[in-house]
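Input: a single structure, listed below in structure tokens.
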Amino acid sequence: MFSFILVVCKKISFHANQLVKAIESIEKGRSLAQELSLPEVVETFSELNKRLQAEK
């Protein structure tokens, strides 16, 4: 039973790390879109960020 719990915890940790990386990538994309004056793209990245933050 303990090994099963350990495996589940590792998978949760992996997914949490992937979520953090995705949020960081979206923020970089949003910043670049702001620099390039692409308001529609900025909005898209902002919406993606909100969705991922809700998952967090």
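Residues in the sequence shown are numbered from 1 upward in steps of one, following full-length UniProt numbering.
In this text, a Cβ means the ideal position worked out from N, Cα and C, and glycines have one as well.
Residue j beta carbon less than 9 Å from that of residue i
i   : j   : result
A54 : V41 : no
Simplified DSSP assignment, three categories, for residue i
i   : result
L38 : coil
When the options are compared against residue i, the one with the closest alpha-carbon
i   : options           : result
E47 : I5, I23, C9, E35  : I23
N49 : K21, V8, L38, S37 : K21
L52 : P39, L19, L38, V7 : L19
Under 8 Å, with one C-beta from each stretch per pair, do the region 13 to 20 and the region 28 to 37 reach the 3-pair mark? no
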